[in-house]
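I have placed the structure first, in the form of structure tokens, so that the comments after it can refer back to it.
Chains as they are written, first to last, in my numbering: chain A, 1 to 405; chain B, 1 to 271.
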């Protein structure tokens, strides 16, 4: 019975190739856009998550509260700052407190010049070598400074790729002497490109040894812009955060944690926010794609209604020779289902194919779930939108159907 | 059957079925009426038609167009229900049947032959003939055998795989007849079966009906051609929805010799 219906359905579909193709087109577009949009959403999320991973999810950033949030009363805000003592105190807690290393970072605005070219990088860090490890970046051209350079406060810099490009264009910056706020520094290394781009360009950075920055740019005893605290592992991040909070409250003689003059940022928190954002984005993309599937389904219904009215006489004949209601319903449902599943299959192929095209920023990621869901929904759409025309066909009275010309 | 006209012994026997098995009326219509409404005007297609058809008969229902003969055939064929009156087919009151049971009766007890052949397009002859068996739930292999047999019996054993568009009118009507007899129905119902055929095809198709009747099938032909009625044993004429004449051409109660020996595939069909 099913085999017979299937053969009849195939014949009907092939008998109207153009119409069948156009009907399927709606579903092909629907299914492939579900797959593509979800893959793009997933890919973008993966790319952002990857960048956050590069930053290190076990790294905490400690900032003065005034740096970010609303400032305190103002009278005593200058009294207590993030200092090298704080760094030392954190370092002393060590692995017992979940802390692998604490890195002091001096921040200041700098302007670089070289042979008339001027550039102001968005990020300056006067820091120690540990910074590279904590930020999970490395020098892939030239060299990083060493402990001796640090001790002697050598005026050397490591540039991010963006800074290097802006200042030197295509020339080799290694060994060149540039002016940083009027002081001459030698370029000794370049950071490996991070990619990403956008407003948070991680390549738009210049690194200077802590001591050299202190004596040449910020002045000795300057407050720290931030302290990076790296936990011993991702699992101990929470412990490290607690330790950091306790230690700094103690160092700063603050009893009430609500009065803290610093803030601790956790990459995991940032990541959670990003995940939520992308979850919403995916939902939105999915909804848009779902609507196109719905439209495709209405196309199926439209064509099936046309088919039913075209084949009214055939339905009459079949009923006259004894077809039961279920035979007619089954016949047209099967036809709708065939159209929608074939359209769904082609849609899956197109969707998966298109999703292979990536950009340098990220690669779309096709998930099995999205393929199964898209295909399943297209089948359901066929069933749902096919059932009305099918029932309409089945409820025709044979005598009326036979009279139809 | 209270109030049955005294002059119709066949109808009177309906109330005592079984006393004379093969002679009870296959079709019994009593005061059947049907009215169609076209806008404000009511068209009385059938007015109180009373008719009984014996098993094994070859009946021609004649009349000009508009006389109600197609309406009568639709009612006899369970394609339509009367507005009033009673229709009993093989002892079953059709009005009491569900839609599904009516479909089942059309499938197993009645074979239809239409003026326009009504074959399914783009579908080979064999599959067209198999179709009623598909709906009857007959297994594939058996279906193929029965359909092939039916096509052979109408002389189209060499046209099994031809599509309707590749066959002549006469051949298409033979396919339609093969489809009508494939379930071995007791009643063959033909609506202007030769209306679209030339005289040579007409003759061969009518001979085929005679032959099928001789094998014991009850045949009812609806026609307006006198030529066709010459093959009938009994001719009923309709005019304006009423029976105006009813004559028997051959000897009354003449039971064809083939009645006792039905063709072999009776058992093959599920009851």
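Even glycine gets a Cβ: it sits at the ideal position worked out from N, Cα and C.
- Residue contact check for residue 112 (chain B) against chain A: a CB pair falls below 8 Å.
- Judged by DSSP secondary structure, residue 331 (chain A) falls within the alpha helix (DSSP H) whose first and last residues are 325-355.
- Among the residues of chain B, none has a CB under 7 Å from the CB of residue 315 (chain A); the nearest is roughly 10 Å distant.
- A Cβ of chain B is located within less than 8 Å of the beta carbon of residue 323 (chain A).
- Along the stretch 76-104 of chain B, the positions whose C-beta sits under 8 Å from a C-beta of chain A are 77, 79, 80, 99, 100, 103, 104, read in chain order.
- With the criterion set as a beta carbon lying under 7 Å from some beta carbon of chain B, the members of the stretch 384-400 of chain A are 398, 399, in sequence order.
- Assigned with DSSP and collapsed to three states, residue 230 (chain A) falls in strand.
- Note: residue 191 (chain B) is bridge-paired with B:222 in the DSSP secondary-structure output.
- Distance from the CA of residue 125 (chain B) to the CA of residue 176 (chain B), rounded to the nearest whole angstrom, comes to 9 Å.
- Under the Cβ distance rule, residue 17 (chain A) does not count among the residues neighbouring chain B, no pair being separated by less than 8 Å.
- Interface annotation, residue 320 (chain A): in contact with chain B, CB-CB separation under 8 Å.
- Under the 10 Å beta carbon count, residue 145 (chain A) is surrounded by 16 or more other beta carbons and is classified as buried.
- Annotation: Cβ neighbours of residue 120 (chain B) in chain A (cutoff 7 Å, chain order): 314, 317.
- Considering only A:228, A:215, A:94, A:322, the residue with the shortest C-alpha distance to residue 183 (chain A) is A:215.
- Annotation: residue 377 (chain A) to residue 130 (chain B) spans about 36 Å, alpha carbon to alpha carbon.
- A check of alpha carbon separations from residue 64 (chain A) across A:228, A:324, A:288 identifies A:228 as the nearest.
- Taking the beta carbon of residue 11 (chain A) as reference, the chain B residues within 8 Å of it are 122, 123, listed in sequence order.
- The DSSP assignment places 99-106, 112-114, 117-119, 123-127, 139-142, 156-159 as complete runs of the beta strand (DSSP E) inside the stretch 98-173 of chain A, in order along the chain (cut-off: 3 residues).
- Distances from the CA of residue 329 (chain A) to each of A:288, A:161, A:396 were compared; the closest alpha carbon is that of A:396.
- For the pair of segments examined, the stretch 266-283 of chain A was found not to touch the stretch 84-101 of chain B: the number of CB pairs separated by less than 8 Å stays below three.
- Each of A:19, A:159, A:375 was checked against the Cα of residue 302 (chain A), and the nearest Cα belongs to A:19.
- Beta-carbon to beta-carbon, residue 31 (chain B) and residue 57 (chain B) are separated by about 21 Å, too far to satisfy the 8 Å threshold.
- Taking each of A:314, A:327, A:285, A:254 in turn and checking the Cα distance to residue 41 (chain A), the smallest one comes out for A:285.
- The C-beta of residue 131 (chain B) comes closer than 8 Å to at least one C-beta of chain A.
- Note on geometry: alpha-carbon atoms of residue 93 (chain A) and residue 186 (chain A) lie some 36 Å from one another.
- Residue 34 (chain B) is bridged by DSSP to B:46.
- Residue 62 (chain A) sits away from residue 254 (chain A), with the two beta carbons spaced by 8 Å or more.
- Any Cβ of chain A closer than 8 Å to the Cβ of residue 108 (chain B) would place that residue at the interface, and such an atom is present.
- Nearest CB-CB separation between residue 179 (chain B) and chain A: below the 8 Å threshold.
- Nearest Cα to residue 139 (chain A) within the set A:166, A:190, A:110: A:190.
- Cβ-Cβ distances below 8 Å link residue 367 (chain A) to 38, 39, 42 in the same chain, with the five nearest sequence neighbours on each side left out; the list follows chain order.
- The Cβ atoms of residue 201 (chain A) and residue 193 (chain A) lie no closer than 8 Å to each other.
- Nearest Cα to residue 362 (chain A) within the set A:4, A:99, A:48, A:326: A:48.
- If you draw a straight line from the Cα of residue 196 (chain B) to the Cα of residue 67 (chain B), it comes to about 20 Å.
- Within the same chain, 106, 126 come within 7 Å of residue 213 (chain A) by CB-CB distance, once the 5 residues on both sides are set aside.
- Contact annotation: in the stretch 45-74 of chain B, residues whose CB is within less than 7 Å of a CB in chain A are 74.
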